[in-house]
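Heads up, the thing below is written out as structure tokens.
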Amino acid sequence: MDKLIAELKRLYLLVDQECFPAGALTADILTQHLGGEKTSAINLVSDNGLVRALIIDFNRMGDAPALQHWDRLCGVANALQDQLGLPAPAVSISGGAGYSLWLSLETPVPLNQAQHFLHLLRRTYFPDIPNEEIGLRPDTLTSTTAELPPCLHVASNTWAAFINPGMGASFADEIGLEMMPPYAAQAAFLEGLQSISDKQFTQAINIMHPPQGKERPHKAAAPAAHASPAGLLLKDATLEDIIHHLHAKNIEPTFRHVIPKDSVF
Numbered sequence: 007m008d009k010l011i012a013e014l015k016r017l018y019l020l021v022d023q024e025c026f027p028a029g030a031l032t033a034d035i036l037t038q039h040l041g042g043e044k045t046s047a048i049n050l051v052s053d054n055g056l057v058r059a060l061i062i063d064f065n066r067m068g069d070a071p072a073l074q075h076w077d078r079l080c081g082v083a084n085a086l087q088d089q090l091g092l093p094a095p096a097v098s099i100s101g102g103a104g105y106s107l108w109l110s111l112e113t114p115v116p117l118n119q120a121q122h123f124l125h126l127l128r129r130t131y132f133p134d135i136p137n138e139e140i141g142l143r144p145d146t147l148t149s150t151t152a153e154l155p156p157c158l159h160v161a162s163n164t165w166a167a168f169i170n171p172g173m174g175a176s177f178a179d180e181i182g183l184e185m186m187p188p189y190a191a192q193a194a195f196l197e198g199l200q201s202i203s204d205k206q207f208t209q210a211i212n213i214m215h216p217p218q219g220k221e222r223p224h225k226a227a228a229p230a231a232h233a234s235p236a237g238l239l240l241k242d243a244t245l246e247d248i249i250h251h252l253h254a255k256n257i258e259p260t261f262r263h264v265i266p267k268d269s270v271f
């Protein structure tokens, strides 16, 4: 669990993070949350109004095609990387209504700036998705919290968890995982991800909303080589691709942690 907690802190958590209903997010509360003992919702906004974790939810409606919400997520995730030059986001299954993209900011920004960025994304890349099928957090005063994966979704009694993007379509008919995901696998899905730098964040805003007198470019400059780790772009993946990617992280497709072949006993 220590490795997973370290990755969550590196990417998403703020100093002196608050959570509900407990108050301060202590090490014990986080451990209970990740272990399924007591699910807490973290406040994405600090006491001084700063944000570093941005979330886009893609909800499946009852009569919608099975893969519609996944296809929409893929389109937005690829636009973040291909059009805006941003690092690959994390992907989670919510345990409730669908999928979520998790964006990490290297430097926390004021709430109004985070909201501006999210609304620019919506206006630019997914303006036609009905409001009930999309969620932006933090947005209004009623959507500034999130249950950080992995955790037990109380209403459905299934697990929210980070997933391998190449396997995302296989969860289209699921609301969550029936069993608690291994900590090692969850940490492995996060360890290759990078936070959005200050320069990348500013560049993305300027691409979506150019300064007066400048035209919006058709495509952002190609992201740096480290920005989109191999295997994290949300494109079609063969079974062989998925197995190779998981084995590279010492994870079998069954999510059981495997020991490297060169280990010595």
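Under the working numbering, the sequence shown is numbered contiguously, ending at residue 271.
Heads up, the beta-carbon is just placed ideally off N, CA and C, and yes, glycines get one too.
Quiz item: Should A59 be labelled buried (16 or more other beta-carbon atoms within 10 Å of its own) or exposed?
Solution: Within a 10 Å sphere around the beta-carbon of A59 sit 16 or more other beta-carbons, which makes this residue buried.
Quiz item: When you compare only the Cα positions, how much space is there between A230 and Y18?
Solution: Because the pLDDT at A230 is just 37, under 50, the model does not fix this residue reliably, and the value given afterwards should be weighed accordingly. Here the alpha carbons of Y18 and A230 stand approximately 21 angstroms from one another.
Quiz item: Nearest to E180 by CA position, among M67, Q200, K9, is which residue?
Solution: If we check each option's Cα against that of E180, M67 comes out closest.
Quiz item: Is the segment 87–106 touching the segment 199–208 in the sense that three or more CB pairs, one from each, lie closer than 8 angstroms?
Solution: Contact holds: three or more Cβ-Cβ distances are below 8 angstroms.
Self-check item: For G81, the three-state DSSP class (helix, strand or coil)
Solution: Looking at G81 - three-state DSSP - the assignment turns out to be helix.
Exercise. Could you say which of P156, Q192, P71, A175 lies nearest to E43 if we only look at CA atoms?
Key: Nearest C-alpha to E43: P156.
Quiz item: Which value, in whole angstroms, describes the spacing of the CA atoms of H166 and G104?
Solution: Residue identity check: residue 166 is Ala in the sequence provided, not His. The alpha-carbon atoms of A166 and G104 are separated by roughly 10 angstroms.
Practice problem: Could you check which residue in R78, E112, G141, V160 has the C-alpha nearest to that of A47? | Solution: Closest option to A47, Cα to Cα, is V160.
Quiz item: Can you give the beta carbon distance from S98 to F26, rounded, assuming they're within the 8 angstroms contact cut?
Solution: About 19 angstroms separates the two Cβ atoms, so there is no contact after all.
Self-check item: Cβ-Cβ distance between L107 and F177 below 9 angstroms
Solution: Cβ distance not < 9 angstroms, so L107 and F177 don't count as in contact.
Quiz item: Which residue comes first and which comes last in the alpha helix (DSSP H) that contains H39?
Solution: Boundaries of the alpha helix (DSSP H) around H39: 33–40.
Practice problem: Output yes or no for whether 9 angstroms exceeds the beta carbon distance between P144 and V57. | Solution: Yes, Cβ-Cβ distance for P144 and V57 is below 9 angstroms.
Quiz item: Starting from L142 and walking both ways along the beta strand (DSSP E), at which residues does that stretch end?
Solution: Segment 140–143, the beta strand (DSSP E) holding L142.
Practice problem: Please report how far the alpha carbon of R129 lies from the alpha carbon of Q89, in whole angstroms. | Solution: Counting only the Cα atoms, Q89 lies some 14 angstroms from R129.
Quiz item: So, is V115 buried or exposed, given that buried needs 16 or more other C-beta atoms within 10 angstroms?
Solution: Per the 10 Å Cβ criterion, buried.
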